[in-house]
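Undergrad: Here's a structure for you.
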């Protein structure tokens, strides 16, 4: 199933599977979200929950019991319910069930709220802990912004001037190796060589947003003020760039396996609610 919301400037289309945004068009019908061609990558903008990235051996423990979770968790593959809708907004929800409890032993509800305001799409995450104990989790976004024509015509500009140090992945885990992005006039020129070792992972940033520019003209702005970490990723020769606000990231090789001890993990108190949001603005 598909739900469509729109205002005078934008139209957003969301699949109920994963509550995944798969289209964001302006009033001239220009598409800003990657089409999902599986020759490169068959997703558009999946939600990452209850983990972000990869667990060591795809395994974690709670109370000395081992559980298995795939990369980025399971929410992106579950059918969400549409629980409310207006012309310009839609609220989707999943709740824990017998199948999720086998791989993630916590009662929860995850809501994803899409709202169009002027030329901006806000995506809100609401995580409700329905368990009478603390609940560890991560959550993140993975929107792929469609880039037409030459990939190298695009640059990234972070909100603040800062040392853009990122962590390197090794075998899908976060290594202790880092590099620093080189800037030219405070911009990062996109090229596929940047991603030869997979995603660029920034554990922390001073910037609250970044802007994608095409030939020095602002194109799309992603605001991630609520999120401490950020991933940036694409595939070789693919016409998209993923700007990924995260709470959490892949395991380190030294990780104990205990989910409560995982670097970057959030812990939600019993019967409490967590809220965060990011936005995609068409410029």
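Residue numbers (the working numbering): 44 to 326.
Ideal Cβ placement from N, Cα and C applies to all residues, glycine included.
(1) Residues bridged to residue 178 by DSSP?
(2) Whose CA, out of 173, 245, 217, lies closest to the CA of residue 223?
(3) What are the residues that DSSP puts in a beta bridge with residue 221?
(4) Beta-carbon within less than 6 Å of residue 60's beta-carbon, same chain only, minus the 5 sequence neighbours each way: which residues are those?
(5) With 16 as the cutoff for other CB atoms within 10 Å, does residue 103 come out buried or exposed?
(6) What residue range does the alpha helix (DSSP H) around residue 141 cover?
(7) Could you give the DSSP three-state label for residue 301: helix, strand or coil?
(8) Considering only the beta carbon of each residue, do residue 187 and residue 285 sit closer than 8 Å?
(9) How many Å lie between residue 76 and residue 109 at the Cα?
(10) Let me know the secondary structure DSSP gives residue 99 once reduced to three states.
(11) With distances taken between CB atoms, is the gap from residue 93 to residue 79 smaller than 8 Å?
(12) Which first and last residues belong to the beta strand (DSSP E) in which residue 306 is found?
(13) In the DSSP output, which residue or residues are listed as bridge partners for residue 278?
(14) Using a threshold of 8 Å, state whether the C-beta atoms of residue 177 and residue 300 are closer than that.
(15) Please state whether DSSP places residue 194 in a helix, a strand or coil.
TA: Well, looking at it:
(1) 311
(2) 245
(3) 210
(4) 122
(5) buried
(6) 141-146
(7) strand
(8) Yes. Within cutoff.
(9) 37 Å
(10) helix
(11) no
(12) For residue 306, there is no enclosing beta strand (DSSP E), as DSSP marks it with neither H nor E.
(13) DSSP output for residue 278 lists no bridge partner at all.
(14) no
(15) helix
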